[in-house]
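For reference, the structure discussed in these notes is given below.
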Amino acid sequence: MFEVEFYEDRSGNEPIKDFIVDLQAKGQTSKNDRIRSEKILTYIRVLQKYGTRAGEPYVKHIEDDIWELRPLDDRIFFFYFRDNTFVLLHHFLKKTKKTPRREIEQAKRNQTDHLERSK
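End of the sequence shown = 126 in the numbering used here, gap-free, step of one.
As structure tokens, then:
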């Protein structure tokens, strides 16, 4: 089993956790948001159980140490940190065939920030 942590920025915010909580709240009145939040949580549980060995359609390697969870059109970048722990870095809604470079760069910035503050 792996542990999954949420990236926390320098202000103490956890953007992905906040996104999921907001989506769950919207899911009280929106079937689409309820399905999205349930799918995201299911994919996180798959990551906890199988890690990157889960393979597609659950996870996909992007580049370097960056991987993505792939529930529906949502994408959540993550990396293996240490001690069987993955850190969820950045979320976006995929609208194009190719992953936008700016989204990958944001995940890398969050990864660098996390690593620098975890020393």
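For every residue, glycine included, the Cβ atom is placed at its ideal position computed from N, Cα and C.
Would you mind listing the beta strand (DSSP E) stretches within the segment 59-115 that are 3+ residues and don't spill past its ends, in chain order? 66-70, 73-76, 81-87 and 92-100
At which residues does the beta strand (DSSP E) containing GLU21 begin and terminate? GLU21 -> no beta strand (DSSP E), and no H or E assigned at all.
Residue from ARG52, PRO107 and ASP16 with nearest C-alpha to ARG124: ASP16
Measure the beta-carbon distance from ARG42 to ILE27 and round it to whole angstroms, keeping in mind my assumption that it falls under 8 Å. Reading off the sequence, residue 42 comes out as Ile, not Arg. That belief does not hold up - the Cβ atoms of ILE42 and ILE27 are roughly 13 Å apart, past 8 Å.
Cβ separation of VAL66 and LEU54, assumed to be a contact under 8 Å, to the nearest whole Å: 7 Å
I'd like the list of long-range same chain contacts for LYS115, defined as Cβ closer than 8 Å, with 5 residues on each side in sequence excluded. So the qualifying residues of the chain are ASP71 and ILE73.
Determine whether the Cβ of ILE111 lies closer than 7 Å to any Cβ atom of chain D. Looking at the structure shown, chain D is missing, and only one protein chain is on hand.
If we ignore side chains and look at the alpha-carbon of each, how far apart do PHE93 and ASN39 end up? 27 Å
Counting only the same chain and skipping the five closest in sequence on each side, list residues whose C-beta sits under 7 Å from that of GLU63. none
Looking only at its chain, what residues have a beta carbon closer than 7 Å to the beta carbon of VAL11, apart from the 5 residues adjacent to it on each side? So the qualifying residues of the chain are ILE51, LEU54, GLN55, PHE93 and LEU95.
Determine the extent of the beta strand (DSSP E) in which PHE13 is found, giving its start and end residues. 10-13
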